[in-house]
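Below: one structure, written as structure tokens.
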Amino acid sequence: MTMKQWIKRMAGLAILAPLAAIANQQSGADPFRSLQKEGVKFFARFSVVDDAAWKVLVKQQEGEDQLTVLDDRTARVLLSAAGNSERFLSAEAIQVGSRSEPFLVTRWTKGAHGQEIRIYDPRTTEGKPLVYSKASSWAIDYQHANGRLKITGRADERANSREGAFEVSWP
Amino acid sequence: MTPLETESGGRSPASVSAPVYLLYTGERESAESCFRSPASQVLVEDHLPSAEPTYDSLRSLTEGLSGRECLQVLRWELNRPGRLWSELSLVERADRIRAHAVRTYRKLVSIQKTTRNQKSSGDAQKDIYNPDYLDPILSPELVTCVALQETKGFADLSPHAVNYTFCLQNGAGKYSSSASGLGQMTWTTMSGVSAVMVRPNEAPAELLPIKTVPRHEGKSVDELFSAMNDDVPLQMEVIYRVMNYKLKFARFKYPELSGRPDGLIRAGVASYDRDDQSDSLKNVVQACMPCMAKRRKGAILCLDQMKH
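In structure tokens:
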């Protein structure tokens with residue numbers, strides 16, 4: 001094959017590939033299929049503060065949900081954490097108090113019906129990046145207001161009453 | 001009561017709106033010698049066929065209601081005649097839970113014996129993703145005690161159990177918990193053990209293959225979750241599958257516990273039910289399981305020993 005023929009063929013493929021992708025979408029093919037095959041459960045680029053942008057990836061590997069946070073500019077791994085037998089539910093970068101560096105607030109399953117919030121400080125150079133965790137026997141929720149997180153959940157199994165409900169603030 | 005259905009799962013047209021019963025013979029097996037049925041023969045209620053699954057109908061009935069109104073609907077709906085076990089006392093319900101746990105365990109062991117992957121591979125991590133391999137410390141005592149712990153008090157040991165959290169709404173207006181049944185299992189948990197990715201571009205491992213209840217084989221997580229609230233054998237198999245996963249995961253993650261069954265059980269129970277601060281650990285491991293292993297009848301007596 002001459003160079004000219006090769007260039008023609010590549011040009012043809014370059015046109016056909018997007019067309020094939022569109023055809024797949026039109027025929028109902030799941031655009032997330034390839035991500036699922038790779039085990040990707042979550043991906044986001046957070047730029048709460050311009051100079052502290054992260055890429056956050058959660059991928060299921062070896063049966064565990066693995067959380068990885070990369071520095072967007074340098075691609076350096078800032079944080080790597082495993083979910084063990086629990087499953088990832090959500091992630092959000094949140095600024096707390098007067099600190100410009102955000103924290104990564106994640107939510108995970110906890111047991112058959114519980115949930116847990118794990119808060120990471122990916123840029124920490126001292127101590128462990130997991131700076132706070134709070135488990136609930138049932139669903140857990142949080143709201144961000146006035147520079148703090150208000151976390152609500154249930155602390156025990158007496159689930160048929162308001163007893164056991166908790167509300168904590170962090171930090 | 002006449003048995004209306006065989007274990008093969010064929011549904012009688014006449015039984016569409018009636019609870020279905022199975023004849024449980026309580027045959028003795030050596031591994032469960034201390035875990036026989038309370039009587040030589042007891043009827044074990046099977047499932048409640050209905051046009052609309054109870055869980056789905058509860059969601060429809062309570063949609064848009066305030067928390068208080070939602071709870072009132074739940075109280076009425078879950079206690080009305082015709083629901084599973086509505087005619088049973090608490091004592092009878094506790095015995096039914098135990099009888100179901102034994103029955104499902106026997107089926108799982110029997111299935112394990114017929115599969116190629118019945119033994120440990122010697123690799124604890126690989127074993128996690130082989131659902132046919134049952135962890136040696138998985139037992140009917142453990143599963144009975146977990147079910148008692150999950151449904152004591154508020155739920156009166158009901159297979160239809162949903163609780164206060166069913167009616168709670170979070171900031172987005174969505175229901176906060178789908179926990180349901182004897183295992184208080186959520187859709188999220190079931191989904192999390194179904195189709196687990198072990199290696200990229202390989203078929204995921206199915207850790208929730210329903211094999212003891214033929215009428216549910218091959219169903220999706222959505223279908224299983226909807227059906228589960230009306231189906232005690234299905235609830236039991238799901239509890240066994242999730243607990244089996246948790247125990248094998250603990251065995252892999254904490255190899256130092258491999259020679260300490262008590263430590264592994266504690267890790268498994270803690271992993272199933274929140275954390276080691278919870279009463280569930282004391283209730284299930286310290287109070288209920290030793291009691292259940294000694295008693296041949298009266299599961300309720302073991303429930304009485306659990307802290308409320």
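Protein sequence lines, in the order shown, are assigned to chains A and B.
For the first sequence, the working numbering gives the first residue as 1, with consecutive numbering after it.
For the second sequence, the working numbering gives the first residue as 1, with consecutive numbering after it.
All residues carry an ideal CB built from backbone N, CA and C; glycine is no exception.
These figures come from a predicted structure and were not determined experimentally.
From what residue to what residue does the beta strand (DSSP E) around residue 143 of chain A run? 141 to 145
Tell me whether residue 103 of chain A sits in a helix, a strand or coil according to DSSP, three-state version. strand
Sort B:229, B:248, B:283 and B:294 by Cα distance to residue 52 of chain B and report the nearest one. B:229
What do you get for residue 158 of chain B, buried or exposed, if any count of 16 or more other CB atoms within 10 angstroms of its CB means buried? buried
The beta strand (DSSP E) spanning residue 130 of chain A covers which residue range? 130 to 136
Rounding to the nearest angstrom, what Cα-Cα distance links residue 93 of chain A and residue 31 of chain A in this structure? 26 angstroms
Counting only the same chain and skipping the five closest in sequence on each side, list residues whose C-beta sits under 6 angstroms from that of residue 42 of chain A. 58
May I ask you to report which of helix, strand or coil DSSP gives residue 153 of chain B? helix
In this structure, what does DSSP give as the bridge partners for residue 225 of chain B? Answer is none; residue 225 of chain B lacks a bridge partner.
Within 10 angstroms of its Cβ, does residue 125 of chain A collect 16 or more other Cβ (buried), or is it exposed? exposed
Check the Cβ of residue 154 of chain A against every Cβ in chain B and list those closer than 8 angstroms, keeping chain order. 165
What's the C-alpha gap between residue 147 of chain B and residue 47 of chain A? 45 angstroms
Nearest chain A C-beta to residue 128 of chain B closer than 9 angstroms, yes or no? Judged by the 9 angstroms Cβ criterion, residue 128 of chain B is in contact with chain A.
Output the residue ranges of the alpha helix (DSSP H) runs that lie fully inside the stretch 106 to 138 of chain B and measure 4 residues or longer, sorted by chain position. The stretch 106 to 138 of chain B contains these whole alpha helix (DSSP H) runs: 124 to 128.
Three or more C-beta pairs below 8 angstroms linking the stretch 202 to 211 of chain B and the stretch 236 to 245 of chain B: yes
Pick from B:105, B:100, B:126 and B:132: whose alpha carbon is nearest that of residue 115 of chain B? B:132
Between residue 237 of chain B and residue 76 of chain B, what straight-line distance do the alpha-carbon atoms span, to the nearest angstrom? Spanning the two alpha carbons is a distance of roughly 28 angstroms.
When you compare the stretch 291 to 299 of chain B with the stretch 94 to 113 of chain B, are there three or more beta-carbon pairs, one atom per stretch, that lie closer than 8 angstroms? yes
Identify, in the order they occur along the chain, each residue of the same chain with its Cβ nearer than 8 angstroms to the Cβ of residue 74 of chain B, setting aside the five sequence neighbours on each side. 58, 62, 162, 166 and 167
Can you pull the chain A residues whose beta carbon is under 8 angstroms from the beta carbon of residue 62 of chain B, in chain order? Within chain A, no residue comes near residue 62 of chain B; the closest Cβ sits about 15 angstroms away, beyond 8 angstroms.
Rounded to whole angstroms, what's the CA-CA distance from residue 69 of chain B to residue 284 of chain B? Just pull it up for me. Near 33 angstroms, if we compare the C-alpha coordinates of residue 284 of chain B and residue 69 of chain B.
For residue 151 of chain A and chain B, any beta-carbon pair shorter than 9 angstroms? When Cβ-Cβ separations below 9 angstroms define contact, residue 151 of chain A makes no contact with chain B.
Chain B beta carbons: is any one of them nearer than 9 angstroms to that of residue 106 of chain A? Cβ-Cβ to chain B under 9 angstroms: no for residue 106 of chain A.
Reduced DSSP category for residue 102 of chain B - H, G, I as helix; E, B as strand; rest coil: helix
Please confirm if residue 21 of chain A has its CB atom under 9 angstroms from at least one CB of chain B. Residue placement at residue 21 of chain A is flagged as unreliable, the pLDDT there being 49, under the threshold of 50; the coordinate-derived value follows with that caveat. For residue 21 of chain A, the answer is no, since every Cβ of chain B falls outside 9 angstroms of its Cβ.
Quick check on residue 265 of chain B: does DSSP put it in helix, strand or coil? helix
DSSP bridge partner residues for residue 184 of chain B (one or two, in chain order): BP columns for residue 184 of chain B are empty, so no partner.
Min CB distance residue 167 of chain A to chain B below 9 angstroms: Not closer than 9 angstroms to any Cβ of chain B, the Cβ of residue 167 of chain A fails to qualify, so no.
Any idea what DSSP makes of residue 230 of chain B, helix, strand or coil? Of the three classes helix, strand and coil, the one that applies to residue 230 of chain B here is coil, per DSSP.
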